[in-house]
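Asker: The structure follows.
2 protein chains.
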Amino acid sequence: MSGRLVVIGGDAAGLSCAAEARRADPGREIVVLERGREVSYAACGIPYWIGRLIEDRDDLVANTVEDLRTRRRLDVRLETPAERIDPEAREVLTADGARIAYDDLVIATGARAVRPPVPGADAPRVLTLRDLADADRLDTLLPAARGGRALVVGAGPIGLEMAGNLCRRGLGVHVVEADEAPVPSLHPDVAAPVRKAMARGCASLRSGTAVDALLPRADGVAAVIGGVEEAYDLVLLGTGVRPNAELGAAAGCATGEAGALRVDRTGRTTVPGIWAAGDCATAWHRILERDVWTPLATTANRMGRVVGRDVSGRRTPFPGIVGAWMSEAFGLGFGAVGLDEDDARAAGFAPESVTRTGRDRAGYMPGAEPVVVRLVFDGPTGRLLGGASAGGADVASRLHALSIAVTAGMTVADLAGVDLAYAPPLAALRDPLELAAAAVTGDAP
Amino acid sequence: MSGRLVVIGGDAAGLSCAAEARRADPGREIVVLERGREVSYAACGIPYWIGRLIEDRDDLVANTVEDLRTRRRLDVRLETPAERIDPEAREVLTADGARIAYDDLVIATGARAVRPPVPGADAPRVLTLRDLADADRLDTLLPAARGGRALVVGAGPIGLEMAGNLCRRGLGVHVVEADEAPVPSLHPDVAAPVRKAMARGCASLRSGTAVDALLPRADGVAAVIGGVEEAYDLVLLGTGVRPNAELGAAAGCATGEAGALRVDRTGRTTVPGIWAAGDCATAWHRILERDVWTPLATTANRMGRVVGRDVSGRRTPFPGIVGAWMSEAFGLGFGAVGLDEDDARAAGFAPESVTRTGRDRAGYMPGAEPVVVRLVFDGPTGRLLGGASAGGADVASRLHALSIAVTAGMTVADLAGVDLAYAPPLAALRDPLELAAAAVTGDAP
């Protein structure tokens, strides 16, 4: 196990992998092929640069190419898209016709934004926001659009982060969502505070509404919504992503959920010598006990490290994900962990749920905010399967706790009986988590 | 199981118990005897009223006496100290000579501040801060002392909360602590940010320093420290508390750690018909697997509810505590859960520990703050025994997570492998908890 390691993709999964492989073997030749002009940037931070909460674009770049080349001795090749993999010859063919031999190959090609099947979805001022090139394109349009109007299509977490940050940037923002409520992956009770936060901000939301067409105009885009034409300076699509799995699939790697490259617990694809990690690959779900496709930066980084070790001869199987995610929009945090009721039912559980609203600190402290907590559990056994939360100064507090409780196999009664720290400015005497769990058990201690 | 329930003590444990008993039996006669002039106040919030973060003193009172009497139909008797219990006759003798018969008796007499064995520790302007009467005494002195100097003796969590709030109120505050570092119950690595936060505030700290004497002066107190006399407008003692267990002990109830009333898992003392709950009683420690005395509002409320059910014929054994506490001073949150290394060693474990500093959100976000996390675990098995944290906007996030992990019996490797939610403004891609755990396992996924 050694020789040349080639990594395709220079962001979260690819560079975590390369860094870990370098740590394991200071002398190994490691080549990183990156399609774009930049590597090692914080994709999740991009909306906050658009909103200018982060003022300096350079802050999004964790390591410069020079650093990676000199300090980590990674042979980073920018603007070098991989076009084809020849697994027999163990070679990657790049767009400029070069053949790069590998001993071990890691595919970390990420995911791409999906444009909805709507006429005009690829018009010039209809944008997506995945990478720094997207961010630059959007950013150059914004000064002219200041005080103008933006349409965000899709009120999922990404759409809302974009909407919130376009508001911060001074635009009037309108969000349309085909589903009945914002953040369709959250139960409406948990999503309700999101709707409220938007109403307090500068954004309007129309849910249960689809965009029929997007028509290019001289200085913007006309959106046809419910038969009516509305004028916008620009349109941002938050309508989902899809794995960049074609390169691996063409090399013979089997695919799984959503067409992502199917990998085992150390990231090996079905083709010898080829690993995959990050948004282009599946990941093991601890509760569903199967491979799923849940593209998240956390998974990309964790699987990147697992693969970086496996290609170095150190097998540390990935314990899996519980699908923990969170998001911030309009000053409100929200997110979820584990299974919702539909997932749980499909997986053979008999789920029940409970929702309670508490507070993020003692009610008499200034700034105390409501916090919604929803728990999903298996009715017959009480086993916690998942949960969600919105609101309060520290949604991470509830979501981290839920990740651990779900991972540990706790029941809802176990959660109701946990001793949680308290101080009036920092938490409530009875945390919303405990209130929700106690509502199920009835007589929580 | 019914007849008259008498509860001695009208705050956290006593009223949680009375409320739960009322819920269980709408018709039962419930008498609450309170020594002071007020009941049902948020003792933990008092420092924040002193600091005027809470502007209205009434906000500290959760339920008025009138509410408790009419809505909950509790026979609340103020300024009625219980002097003696006659367990044979099943009577409580009050200071005014009345004999109050009970069928079930609950002792919830709390704890009192300890004055150190220093000459002058009971001088007029040497104060403690436990209840609203203490708070009023202090508050009347403050306008005159505005811009003046206060000495706080003891840099434990309570002393520091007082110091921080006296600063907020405009005093120059000096804290002396006999131990070498502030918050002696925390490892110095975790307490270091507390020291820094004080230095940024208006308070000075001298640790490893004892007060030799407190001398009353016409308009203040002279403190003799290291042989030198220093003038203060007032002195606040944060030098610990002791259980108000004498009443129960005199009635024959056995005592345990620190002289607190020893109770079983539903709060029964060793005398039939007498329960105890809250700061006057012991509580079951889940990790030590024995009864301990750890006076905390959370335990008081939880045990109060357990007792309120048990006196109503519904046995719901207390699952126990992990000693989770936290505190805020000078804008910094800090706290701990479970065992420190000394506790763990004394309990027969072979503890190891790790400390790491991470951040409370993505490093590139404005306002990102350092967070220290310390984990204590059993070396041979890796089982998490406790942890501590300081700093960041949401210390509750780490401490709640640790409470759950410790309660669930997770190992440090389990913790390193947990999938935690991430969003740049809300948490770090690798949470300080994960960084600390991964530092132990070396190759965390």
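Chains as they are written, first to last, in my numbering: chain P, 1 to 445; chain G, 1001 to 1445.
We put the CB at the ideal spot given by N, CA and C, even for glycine.
Indicate whether V235(P) and V106(P) have their beta-carbon atoms separated by less than 8 Å.
Answerer: The residue given as residue 235(P) occupies position 235 in the first sequence. The residue given as residue 106(P) occupies position 106 in the first sequence. Cβ distance not < 8 Å, so V235(P) and V106(P) don't count as in contact.
Asker: Measure the C-alpha to C-alpha separation of V6(P) and A283(P) and round it to an integer number of angstroms.
Answerer: As a first step, residue 6(P) is located in the first sequence; it is residue number 6 there, counting from the start. As a first step, residue 283(P) is located in the first sequence; it is residue number 283 there, counting from the start. Cα-Cα distance, rounded: 21 Å.
Asker: Please report the straight-line C-alpha distance between R1069(G) and R1305(G), rounded to a whole angstrom.
Answerer: The sequence position of residue 1069(G) within the second sequence is 69, counting from 1. The sequence position of residue 1305(G) within the second sequence is 305, counting from 1. Roughly 19 Å separates the two Cα atoms.
Asker: What are the boundary residues of the beta strand (DSSP E) that includes V1031(G)?
Answerer: Start at 1 with the first residue of the second sequence, and residue 1031(G) comes out as number 31. I1030 to L1033 is the extent of the beta strand (DSSP E) around V1031(G).
Asker: Go to V412(P), then tell me how far its alpha helix (DSSP H) extends in each direction, as first and last residue.
Answerer: Working through the first sequence from its first residue, we reach residue 412(P) at position 412. Unbroken alpha helix (DSSP H) run through V412(P): V412 to A416.
Asker: Rounded to whole angstroms, how far is the Cβ of G382(P) from the Cβ of A413(P), which I believe are closer than 8 Å?
Answerer: Taking the first residue of the first sequence as position 1, residue 382(P) is located at position 382. Taking the first residue of the first sequence as position 1, residue 413(P) is located at position 413. Correct: roughly 6 Å between the Cβ atoms.
Asker: May I ask you to verify whether the segment 426-439 of chain P touches the segment 1235-1252 of chain G, counting CB pairs closer than 8 Å and requiring at least 3?
Answerer: The segment 426-439 of chain P vs the segment 1235-1252 of chain G: no contact.
Asker: Could you tell me the boundaries of the beta strand (DSSP E) in which P1216(G) lies?
Answerer: For the purposes of this step, residue 1216(G) is taken as the residue at position 216 of the second sequence. Note, P1216(G): beta strand (DSSP E), V1211 to R1217.
Asker: Taking three-plus beta-carbon pairs below 8 Å as touching, is the segment 365-375 of chain P in contact with the segment 1041-1059 of chain G?
Answerer: The answer is yes - the segment 1041-1059 of chain G touches the segment 365-375 of chain P, with three or more Cβ pairs under 8 Å.
Asker: Sort A123(P), S185(P), P157(P) and R374(P) by Cα distance to L214(P) and report the nearest one.
Answerer: Position 214 of the first sequence, counted from the start, is the residue given in the question as residue 214(P). Of the listed residues, the one whose Cα sits closest to L214(P) is A123(P).
Asker: From this set, D131(P), G409(P) and R99(P), which residue's C-alpha is nearest P87(P)'s C-alpha?
Answerer: Taking the first sequence and counting its residues from 1, the one referred to as residue 87(P) is at position 87. That would be R99(P), whose Cα lies nearest to the Cα of P87(P).
Asker: For A1448(G), name the three-state secondary structure that DSSP assigns.
Answerer: One cannot answer for residue 1448(G) here, as it falls past the ends of chain G, which runs 1001 to 1445.
Asker: With DSSP as the reference, label D1431(G) as helix, strand or coil.
Answerer: Within the second sequence, numbered from 1, the residue matching residue 1431(G) stands at position 431. DSSP places D1431(G) in coil when its eight states are reduced to three.
Asker: Quick one: complete beta strand (DSSP E) runs, 3+ long, within the segment 1169-1252 of chain G?
Answerer: List check, beta strand (DSSP E) in window: 1172-1177, 1203-1207, 1211-1217, 1220-1225, 1228-1232, 1234-1237 and 1241-1243.
Asker: Pull up the DSSP beta-bridge partners for E1351(G), would you.
Answerer: Here the question's residue 1351(G) lines up with position 351 in the second sequence. Contrary to the premise, residue 1351(G) reads as Pro rather than Glu in this sequence. According to DSSP, which records beta bridges pairwise, P1351(G) is partnered with D1378(G).
Asker: Leaving aside the five residues before and after R359(P) along the sequence, list all residues of the same chain whose C-beta is less than 8 Å from its C-beta, in chain order.
Answerer: Your numbering for residue 359(P) matches position 359 in the first sequence. If we look at R359(P) and ignore the five residues flanking it on each side, its Cβ neighbours are A368, E369, P370, V371, G392, A428 and P432.
Asker: Would you mind telling me which residues of chain G sit closer than 9 Å to L481(P), beta carbon to beta carbon, in chain order?
Answerer: In the structure as shown, chain P begins at 1 and stops at 445. Residue 481(P) is therefore absent and cannot be evaluated.
Asker: Count the other C-beta atoms from every protein chain shown that fall within 10 angstroms of the C-beta of S1403(G), then say buried if there are 16 or more, exposed otherwise.
Answerer: Here residue 1403(G) refers to the residue found at position 403 when the second sequence is read from its first residue. Counting Cβ neighbours within 10 Å, S1403(G) comes out buried, since at least 16 surround it.
Asker: Using CA coordinates, which residue listed in V1176(G), D1058(G), D1104(G) and A1024(G) is at the minimum distance from L1237(G)?
Answerer: For the purposes of this step, residue 1237(G) is taken as residue 237 along the second sequence, with counting starting at 1. The candidate whose alpha carbon is nearest that of L1237(G) is V1176(G).
Asker: In whole angstroms, what separates the C-alpha of V440(P) from that of A416(P)?
Answerer: Taking the first sequence and counting its residues from 1, the one referred to as residue 440(P) is at position 440. Taking the first sequence and counting its residues from 1, the one referred to as residue 416(P) is at position 416. Roughly 9 Å between the two C-alpha positions.
Asker: Please list the residues of the segment 1315-1334 of chain G that have a C-beta atom closer than 9 Å to any C-beta atom in chain P, keeping them in chain order.
Answerer: For the segment 1315-1334 of chain G, which is checked against every Cβ of chain P, the residues closer than 9 Å are T1316, P1317, F1318, P1319, G1320, I1321, V1322, G1323, A1324, W1325, M1326, S1327, E1328 and G1333.
Asker: Identify the residues that DSSP records as bridge partners of S1002(G): which are they?
Answerer: The residue given as residue 1002(G) occupies position 2 in the second sequence. Paired residue(s): none; S1002(G) is not in a bridge.
Asker: Does the beta-carbon distance from V1194(G) to A1329(G) come in below 8 Å?
Answerer: Walking along the second sequence from the start, residue 1194(G) turns up at place 194. Walking along the second sequence from the start, residue 1329(G) turns up at place 329. Yes. Within cutoff.
Asker: Could you tell me which residues DSSP pairs with W1325(G) in its beta bridges?
Answerer: What you label residue 1325(G) is simply residue 325 of the second sequence in a count that begins at 1. Answer is A1336(G).
Asker: Starting from the beta carbon of M162(P), find every residue of chain G whose beta carbon is closer than 7 Å, and list them in chain order.
Answerer: Mapped onto the first sequence, residue 162(P) falls at position 162. Near M162(P) there are no residues of chain G at all, since even the closest Cβ is about 13 Å away, more than 7 Å.
Asker: Anything in chain P within Cβ reach of D1443(G), meaning under 7 Å, just list it in chain order.
Answerer: Mapped onto the second sequence, residue 1443(G) falls at position 443. Near D1443(G) (Cβ distances below 7 Å), the residues of chain P are R309, R314 and T316.
Asker: For S312(P), write down the residues that DSSP places opposite it in a beta bridge.
Answerer: Start at 1 with the first residue of the first sequence, and residue 312(P) comes out as number 312. None, per the DSSP bridge assignment.
Asker: Run through DSSP, which three-state label would P1370(G) get?
Answerer: The residue given as residue 1370(G) occupies position 370 in the second sequence. Reduced to three states, the DSSP call for P1370(G) is strand.
Asker: Which one of D394(P), R72(P) and T128(P) has the shortest CA to CA distance from V153(P)?
Answerer: As a first step, residue 153(P) must be located in the first sequence, where it is residue number 153. Of the candidates D394(P), R72(P) and T128(P), the one whose C-alpha sits nearest the C-alpha of V153(P) is T128(P).
Asker: At a CB distance below 7 Å, what residues from the segment 30-60 of chain P approach chain G? Give them in sequence order.
Answerer: If the cut-off is 7 Å between Cβ atoms, the segment 30-60 of chain P has A42, C44, G45, Y48, L53, I54, D59 and L60 near chain G.
Asker: Who are S1040(G)'s beta bridge partners in DSSP?
Answerer: Position 40 of the second sequence, counted from the first residue, corresponds to residue 1040(G). Paired residues: none, contrary to the question.
Asker: If you follow the alpha helix (DSSP H) that I1046(G) is part of, which residue opens it and which one closes it?
Answerer: Counting from one through the second sequence, the residue named residue 1046(G) turns up at place 46. I1046 to I1050 is the extent of the alpha helix (DSSP H) around I1046(G).
Asker: DSSP three-state label for R1383(G), please.
Answerer: As a working mapping, residue 1383(G) is identified with position 383 in the second sequence. Here R1383(G) sits in strand by DSSP.
Asker: Counting only Cβ pairs nearer than 8 Å, list the residues of chain G close to P116(P).
Answerer: As a first step, residue 116(P) must be located in the first sequence, where it is residue number 116. Going along chain G, no residue has its Cβ under 8 Å from P116(P), so there is no contact; the nearest lies around 25 Å.
Asker: Suppose you measure from the CA of M1326(G) to the CA of F1334(G); what does that come to, to the nearest Å?
Answerer: Taking the first residue of the second sequence as position 1, residue 1326(G) is located at position 326. Taking the first residue of the second sequence as position 1, residue 1334(G) is located at position 334. The alpha-carbon atoms of M1326(G) and F1334(G) are separated by roughly 6 Å.
Asker: For chain G, check one thing: does any of its Cβ atoms lie closer than 8 Å to the Cβ of T298(P)?
Answerer: By 1-based counting over the first sequence, the position of residue 298(P) is 298. Yes, contact with chain G.
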